[in-house]
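Protein sequences, first through last, are from chains A and B.
By the working numbering, the letter at position 112 of the first sequence is numbered 112, and the numbering carries on one by one without gaps.
If you want the working numbering, it's the 1-based position in the second sequence plus 565.
By construction, the Cβ of each residue, glycine as well, lies at the ideal position given by its N, Cα and C atoms.
Fair warning: this is a prediction, and the values are worked out from it, not measured in the lab.
Notes to accompany the following structure.
Number of protein chains: 2
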Amino acid sequence: MKPSTASNELWPEVRSEQAEGSIVTEQPRRDSKWWGWGDPAISPELDGPAVATLEDRVGRLEPSPHIAKLEDFELPAAEPLPQSLVDAAGTDGVFTSTEDRVRHATGCGYVDLARLRSGRLERAPDAVVLPASAEAVGRVLEACAKEGIAVVPFGGGTSVVGGVEPLRGEHARLISLDLSRLRDVDVDHRSLTARLGAGLRGPEAEAALSRQGLILGHFPQSFEYATIGGFAATRSAGQASSGYGRFDKLVSAIRLLAPGGELRTLDTPHTAAGPSLRELVVGSEGVLGVIPDVTVRVRPAPRVRRYEAWMAESFEAGSEIVRALAQGPGLPDVIRVSDQEETRVSLALSGPRGVTGTLFGGYLELRRKRDGCLIVIGLEGDEGSVARRRALTVRELRNGDAAYLGQSAGQSWEHGRFQGPYLRDTLMGMGAIVETLETSHTWTQLGDLREAVGAAIEDSLAAQGTPGLVFCHLSHAYADGASLYFTFIARARQGEEVEQWRAVKQAASEAIVAAKGTITHHHAVGRDHAPYMKAELGAAGVEVLRAVKEQLDPTGVMNPGKLLP
Amino acid sequence: MKPSTASNELWPEVRSEQAEGSIVTEQPRRDSKWWGWGDPAISPELDGPAVATLEDRVGRLEPSPHIAKLEDFELPAAEPLPQSLVDAAGTDGVFTSTEDRVRHATGCGYVDLARLRSGRLERAPDAVVLPASAEAVGRVLEACAKEGIAVVPFGGGTSVVGGVEPLRGEHARLISLDLSRLRDVDVDHRSLTARLGAGLRGPEAEAALSRQGLILGHFPQSFEYATIGGFAATRSAGQASSGYGRFDKLVSAIRLLAPGGELRTLDTPHTAAGPSLRELVVGSEGVLGVIPDVTVRVRPAPRVRRYEAWMAESFEAGSEIVRALAQGPGLPDVIRVSDQEETRVSLALSGPRGVTGTLFGGYLELRRKRDGCLIVIGLEGDEGSVARRRALTVRELRNGDAAYLGQSAGQSWEHGRFQGPYLRDTLMGMGAIVETLETSHTWTQLGDLREAVGAAIEDSLAAQGTPGLVFCHLSHAYADGASLYFTFIARARQGEEVEQWRAVKQAASEAIVAAKGTITHHHAVGRDHAPYMKAELGAAGVEVLRAVKEQLDPTGVMNPGKLLP
Chain A
1 MKPSTASNEL WPEVRSEQAE GSIVTEQPRR DSKWWGWGDP AISPELDGPA
51 VATLEDRVGR LEPSPHIAKL EDFELPAAEP LPQSLVDAAG TDGVFTSTED
101 RVRHATGCGY VDLARLRSGR LERAPDAVVL PASAEAVGRV LEACAKEGIA
151 VVPFGGGTSV VGGVEPLRGE HARLISLDLS RLRDVDVDHR SLTARLGAGL
201 RGPEAEAALS RQGLILGHFP QSFEYATIGG FAATRSAGQA SSGYGRFDKL
251 VSAIRLLAPG GELRTLDTPH TAAGPSLREL VVGSEGVLGV IPDVTVRVRP
301 APRVRRYEAW MAESFEAGSE IVRALAQGPG LPDVIRVSDQ EETRVSLALS
351 GPRGVTGTLF GGYLELRRKR DGCLIVIGLE GDEGSVARRR ALTVRELRNG
401 DAAYLGQSAG QSWEHGRFQG PYLRDTLMGM GAIVETLETS HTWTQLGDLR
451 EAVGAAIEDS LAAQGTPGLV FCHLSHAYAD GASLYFTFIA RARQGEEVEQ
501 WRAVKQAASE AIVAAKGTIT HHHAVGRDHA PYMKAELGAA GVEVLRAVKE
551 QLDPTGVMNP GKLLP
Chain B
566 MKPSTASNEL WPEVRSEQAE GSIVTEQPRR DSKWWGWGDP AISPELDGPA
616 VATLEDRVGR LEPSPHIAKL EDFELPAAEP LPQSLVDAAG TDGVFTSTED
666 RVRHATGCGY VDLARLRSGR LERAPDAVVL PASAEAVGRV LEACAKEGIA
716 VVPFGGGTSV VGGVEPLRGE HARLISLDLS RLRDVDVDHR SLTARLGAGL
766 RGPEAEAALS RQGLILGHFP QSFEYATIGG FAATRSAGQA SSGYGRFDKL
816 VSAIRLLAPG GELRTLDTPH TAAGPSLREL VVGSEGVLGV IPDVTVRVRP
866 APRVRRYEAW MAESFEAGSE IVRALAQGPG LPDVIRVSDQ EETRVSLALS
916 GPRGVTGTLF GGYLELRRKR DGCLIVIGLE GDEGSVARRR ALTVRELRNG
966 DAAYLGQSAG QSWEHGRFQG PYLRDTLMGM GAIVETLETS HTWTQLGDLR
1016 EAVGAAIEDS LAAQGTPGLV FCHLSHAYAD GASLYFTFIA RARQGEEVEQ
1066 WRAVKQAASE AIVAAKGTIT HHHAVGRDHA PYMKAELGAA GVEVLRAVKE
1116 QLDPTGVMNP GKLLP
């Protein structure tokens, strides 16, 4: 993998120009692949032995390297927008080029990318609107509500559940409301809070905080391109959320601009004044309104960051170690347990002869224990806190018979932790379907849930004649349970990728629902999980959300077809 | 104060029969004073010097020992209830005696008790309904919604904000729905969660958990009589919530039975499936429906509990110590800083010659530093955790120039921590008005908030010719701020107690609103704070809650006149 330009001692993998916030924002951003993930200059390759290992498991792959050109797209004709909307957005705030429309037509899920590569998109926004301020957002929403124009709020465009799909609902026109110009940063050092503009990408927010000695600590795999507003709107969790807290826990106050009025919560650390409106806005996925900024809790940047890897004898043994840690006082900031299949696949695809560069530098040590389950541990903080929690962590790891693999494998994981989506592009080009999905449950139910979902994915792939690799890791540990994150790789049914994906997704989702797990631990609902929201919330719960939406968005222009079934 | 019968090594102050759950629940409970707080056998007295100190500050008190007799009450005639409701409740589930109606006519706020002592109640429920199961609650709600009978959910009846006031709204009839028979306990040891019936009082829940080696850790001052359902419905915080977490953080899953349907959240540790319905039910104060049970996170009972007291030179110095602790890794489970006035008053009313027994056993040590500010520290957990966090805490205390007073003063605070409301009865009998109120803000705004609210209370009392004692403590510390808890004591305007209270309450509330603090950190909204909810949530926020209520309670029978302005 291409070495990245160091910009920041905490996130060496993040390119400096991005971290410094110098990307022009008077136009919609164009600094990532429009047809795939991230930096166009990064494209990892698998070497021969890695390909052989993969094909040994999923069958012979037929390469599918073709990627459509932007000029090949036949987008639906853009409906003209009323002058009132153009006035509201500002004359330099409306964009209608093919590239801008394509870049705002999908998120970054597997089906999105499959459609983009094919050059066939049935839907695109009529225009991309780029307001320069929260006030302009309010004016745009007012115009859209009045004119009946659907609005898809757009942050980083990294949704993997169809959260920014341009579904018009009952409206003839639709805009993508790109929030990337809302990037103010306002720090309250005494209270350790910061009001952050919704359009700040993860590295931009962290770089601004880092210059003041602070950290937010939110690192989802989409960190490089996802935005603060998106984190809040999707109730995001990051790789270090066991330590820093999920994004919903980091939010201290929030605003929502809606056609039906502005919601805002007070800047107080806690209130008992009724149901939490903050928790109604967090996770609202654009269907209630637009989040223009978020006040978050920050903390002093860690002085020490220690990552290391261990190997457990089995997934169950690894899970028990994590449970003991999560139910005790010393849970690490990052903790994840790969099952045996994930451990094996990681080795095969990322050993010294696998992906260029090393996802797992500790390859040789890992190799010796190839039938075990990899555990990655990350600890961040001051020297004392890291040392103390490491001692507690090591005690539980030893109690659970895990073997130490050293820091280099852990550091390699950390260094490569935002690289998974790049590898997906590679695998898609090789003719594979690659997708992930996640859920959570109590410790008591977690084993059954894992078994049921894993079997559902395997069976669905096999039934389609494309048996695949299915693997899982446990992460985001809580005292009462944990999340499970599944990945599957199989031969793509070329030309029928969407149908293939849909069958597997449905099988997995139905297995989750049957086991009473949650349909999503951190990817959010969007378009893909909306059909399962009745199982998640019950009929009355869905009706409550509908009532809230009707109050805030009476003409139904906000992000139609998402979140609600 | 009367020594209590030890029942439990963790809560020696809780009477054994209560902790053991042996109180008959086939009838509404009658084991507390109907006219005041708690155990009728407990009535602390102030001795001469304490009275002199008090009168020196508030003026000569005219004793007001008269308490009406139950037979003196002229309650409004009870409206007859339809047979459908009686059928729903069960023939042995409806109670209409004067005592039961009076016991369910108020909470335990100052105005409630002033009205009860006077024997004048304008309002009472037509009946007390005591369903034997969650299913029976559902049937009762259905009957009430159909017949247009207002329903006031009733847990411990300890609201201090008018949360159980029998306001009928537009309905001619009203029942108090007493949930004290819903007391199931169902523990999941592996996931460290417990489903607890709404009617369990604090000591009942803790005793049941304690028998299994577990603790919930929720200790509001109302702990002895308040219930699990009430904790959830009011978004309660307890004295040890800095450590164990506020009740909203302890809730992992919840149910709500409403006329418009049943809401229930999944038993998963986290979900990103949209806005949080759990956080919509927590804090709903009976206006959306009835919470029949709550699933909470529990933990192993602490092996060590260390309480100690320190003295800071000023409130500001004490606050800075708490801020440093809350923003670091070692926040104690209990931490509170009294201002100089509260420290002085505590000494005067509870020294060796004050209240019988000792609220502050460390009197002599305290005496030596009487112009300082008392800090109480409580640490609970295993030996290692307590020792480690104490070391961090002591470091910050010493950095902040606080002086150690020893464990006995801390233990005395802990032993007396549920006794404040008993002392209120004593002071009311002496002719005083005694009330508390609370708010919170960021560290940056906390000083201004404290000054503004304190001045508003003082000025309002002085303007009424009853200058008083006004004091404050800081507790419930967070990384981004803290709560402030105010107490005032003054001569009661006899016969006009309610008007006097209302003037002060209004002045304090307006000061809070002007400073953008929250109108309540943990007492909830009820009747008293409802007028300030528009300031708290904004107009759009209030309308969102109204929309939710209309969906779940279309005939408006649930707890009219509470929460919403």
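If you run the structure through DSSP and keep just helix, strand and coil, what is M993 (chain B)? Within the second sequence, the letter at position 428 stands for residue 993 (chain B). Three-state DSSP puts M993 (chain B) in a helix.
Between the segment 271 to 290 of chain A and the segment 242 to 259 of chain A, do three or more beta carbon pairs fall short of 8 Å? yes
Residues bridged to I780 (chain B) (per DSSP): What you label residue 780 (chain B) is simply residue 215 of the second sequence in a count that begins at 1. Partner(s): B:R864.
Which same chain residues, not among the five before or five after V910 (chain B), have their C-beta less than 7 Å away from its C-beta? Position 345 of the second sequence, counted from the start, is the residue given in the question as residue 910 (chain B). Around V910 (chain B): L1034, F1036.
Residue environment, N964 (chain B), which counts as buried when at least 16 other CB atoms sit within 10 Å: Working through the second sequence from its first residue, we reach residue 964 (chain B) at position 399. When all chains shown are included, N964 (chain B) counts as exposed.
Any non-hydrogen atom of the ligand SAM within 6 Å of R120 (chain A) CB: This structure does not include the ligand SAM; it has no bound ligands of any sort.
Can you give the beta carbon distance from D480 (chain A) to S817 (chain B), rounded, assuming they're within the 8 Å contact cut? Taking the first residue of the first sequence as 1, we reach residue 480 (chain A) at position 480. Taking the first residue of the second sequence as 1, we reach residue 817 (chain B) at position 252. D480 (chain A) to S817 (chain B), Cβ: 5 Å. Contact.
Looking only at C-alpha atoms, which of A:A490, A:G93, A:D401, A:E396 sits nearest to I175 (chain A)? Position 175 of the first sequence, counted from the first residue, corresponds to residue 175 (chain A). Among A:A490, A:G93, A:D401, A:E396, the Cα nearest to that of I175 (chain A) is on A:G93.
Which of helix, strand or coil DSSP assigns to S741 (chain B): Against the second sequence, residue 741 (chain B) aligns to sequence position 176. Looking at S741 (chain B) - three-state DSSP - the assignment turns out to be strand.
Of the residues B:L681, B:R1067, B:V999, B:A837, which one's Cα is nearest the Cα of D637 (chain B)? Residue 637 (chain B) sits at position 72 when you count from the first residue of the second sequence. Comparing Cα positions, the closest option is B:L681.
Considering only the beta carbon of each residue, do I1022 (chain B) and A1073 (chain B) sit closer than 7 Å? As a working note, residue 1022 (chain B) is residue 457 in the second sequence. As a working note, residue 1073 (chain B) is residue 508 in the second sequence. Yes, the pair counts as a contact, with Cβ atoms nearer than the cut-off.
Output, in chain order, the set of chain A residues within a Cβ distance shorter than 7 Å of I1084 (chain B). For the purposes of this step, residue 1084 (chain B) is identified with residue 519 of the second sequence, where counting begins at 1. Within chain A, the residues near I1084 (chain B) are A273.
Could you run through the segment 1019 to 1042 of chain B and flag, in chain order, every residue whose CB is less than 8 Å away from some CB of chain A? H1041
Beta-carbon neighbours of L1128 (chain B), restricted to chain A and to distances below 7 Å: Against the second sequence, residue 1128 (chain B) aligns to sequence position 563. The answer, in chain order, is G274.
Let me see if you follow: with CB-CB separation under 7 Å, is G1046 (chain B) close to chain A or not? For the purposes of this step, residue 1046 (chain B) is taken as residue 481 along the second sequence, with counting starting at 1. For G1046 (chain B), the answer is yes, since a Cβ of chain A falls inside 7 Å of its Cβ.
Along chain B, which residues have their Cβ under 7 Å away from the Cβ of H523 (chain A)? If you number the first sequence from 1, residue 523 (chain A) lands on position 523. What H523 (chain A) touches in chain B: A837.
Hey, is K1070 (chain B)'s beta-carbon within less than 7 Å of any beta-carbon in chain A? Residue mapping note: residue 1070 (chain B) aligns to position 505 of the second sequence, counting from 1. Chain A, which has no Cβ nearer than 7 Å to the Cβ of K1070 (chain B), makes this no.
Which residues mark the beginning and the end of the alpha helix (DSSP H) in which I886 (chain B) is found? Walking along the second sequence from the start, residue 886 (chain B) turns up at place 321. Start and end: 880 to 891.
Which residue comes first and which comes last in the beta strand (DSSP E) that contains R255 (chain A)? In the first sequence, the residue the question calls residue 255 (chain A) occupies position 255. Per DSSP, R255 (chain A) belongs to the beta strand (DSSP E) from 251 to 258.
Residues that Y1050 (chain B) bridges to, as DSSP identifies them: In the second sequence, residue 1050 (chain B) corresponds to position 485, counting from 1. According to DSSP, which records beta bridges pairwise, Y1050 (chain B) is partnered with B:E1003, B:H1038.
Among all the DSSP beta bridges, which residues are the ones paired with C373 (chain A)? As a working note, residue 373 (chain A) is residue 373 in the first sequence. Beta-bridge pairing links C373 (chain A) to A:A312.
Whole angstroms is fine: what's the gap from I1084 (chain B)'s alpha carbon to P696 (chain B)'s? Position 519 of the second sequence holds residue 1084 (chain B). Position 131 of the second sequence holds residue 696 (chain B). Distance between the alpha carbons of I1084 (chain B) and P696 (chain B): 33 Å.
At a Cβ cut of 7 Å, what residues of the segment 988 to 1011 of chain B count as close to chain A, listed as they run along the chain? S1005, H1006, T1007, W1008, T1009
Can you give the Cα-Cα distance for P40 (chain A) and V102 (chain A), rounded to whole angstroms? Here the question's residue 40 (chain A) lines up with position 40 in the first sequence. Here the question's residue 102 (chain A) lines up with position 102 in the first sequence. Near 16 Å, if we compare the C-alpha coordinates of V102 (chain A) and P40 (chain A).
Rounded straight-line distance, which links the Cα of L821 (chain B) to that of E769 (chain B): Residue mapping note: residue 769 (chain B) aligns to position 204 of the second sequence, counting from 1. Residue mapping note: residue 821 (chain B) aligns to position 256 of the second sequence, counting from 1. C-alpha separation (whole angstroms): 22 Å.
Taking the alpha-carbon positions, what's the I321 (chain A) to R305 (chain A) distance? Here residue 321 (chain A) refers to the residue found at position 321 when the first sequence is read from its first residue. Here residue 305 (chain A) refers to the residue found at position 305 when the first sequence is read from its first residue. Near 21 Å, if we compare the C-alpha coordinates of R305 (chain A) and I321 (chain A).
Test item: CB-CB of S1048 (chain B) and E1003 (chain B) under 7 Å: Mapped onto the second sequence, residue 1048 (chain B) falls at position 483. Mapped onto the second sequence, residue 1003 (chain B) falls at position 438. In contact: S1048 (chain B) and E1003 (chain B) (Cβ atoms closer than 7 Å).
Segment limits, alpha helix (DSSP H) that includes E827 (chain B): Mapped onto the second sequence, residue 827 (chain B) falls at position 262. Segment 826 to 829 is the beta strand (DSSP E) holding E827 (chain B); no alpha helix (DSSP H) there.
Among the candidates A:S43, A:R450, A:E206, A:D371, whose CA atom is the shortest distance from the CA of P300 (chain A)? Taking the first sequence and counting its residues from 1, the one referred to as residue 300 (chain A) is at position 300. Looking at the Cα atoms, A:E206 is the closest of the given residues.
Rounded to whole angstroms, what's the CA-CA distance from G985 (chain B) to T1001 (chain B)? Just pull it up for me. Counting from one through the second sequence, the residue named residue 985 (chain B) turns up at place 420. Counting from one through the second sequence, the residue named residue 1001 (chain B) turns up at place 436. Each residue's alpha carbon lies about 11 Å from the other.
Quick check on the burial criterion: 16 or more other C-beta atoms within 10 angstroms. Buried or exposed for G197 (chain A)? Residue 197 (chain A) sits at position 197 when you count from the first residue of the first sequence. Burial call: buried.
Q605 (chain A): buried (16+ other C-beta within 10 angstroms of its C-beta) or exposed? Outside the shown range of chain A (1 to 565) lies residue 605 (chain A), about which nothing can therefore be said.
Contact criterion: CB-CB distance below 7 Å. Does V1078 (chain B) meet it with respect to chain A? For the purposes of this step, residue 1078 (chain B) is identified with residue 513 of the second sequence, where counting begins at 1. No, V1078 (chain B) does not count as interfacial toward chain A.
Nearest to L379 (chain A) by CA position, among A:L405, A:P302, A:A455, is which residue? Translated into the one-based positions of the first sequence, residue 379 (chain A) becomes position 379. When only C-alpha atoms are compared, the closest one is A:P302.
Would you list the one or two residues that DSSP bridges to A490 (chain A)? Here residue 490 (chain A) refers to the residue found at position 490 of the first sequence. Beta-bridge pairing links A490 (chain A) to A:I433.
Against chain A, with Cβ distances strictly below 7 Å, would R1116 (chain B) count as a contact? Here residue 1116 (chain B) is taken as the residue at index 551 of the second sequence, counted from 1. Reading off the sequence, residue 1116 (chain B) comes out as Gln, not Arg. By this cut-off, Q1116 (chain B) is an interface position.
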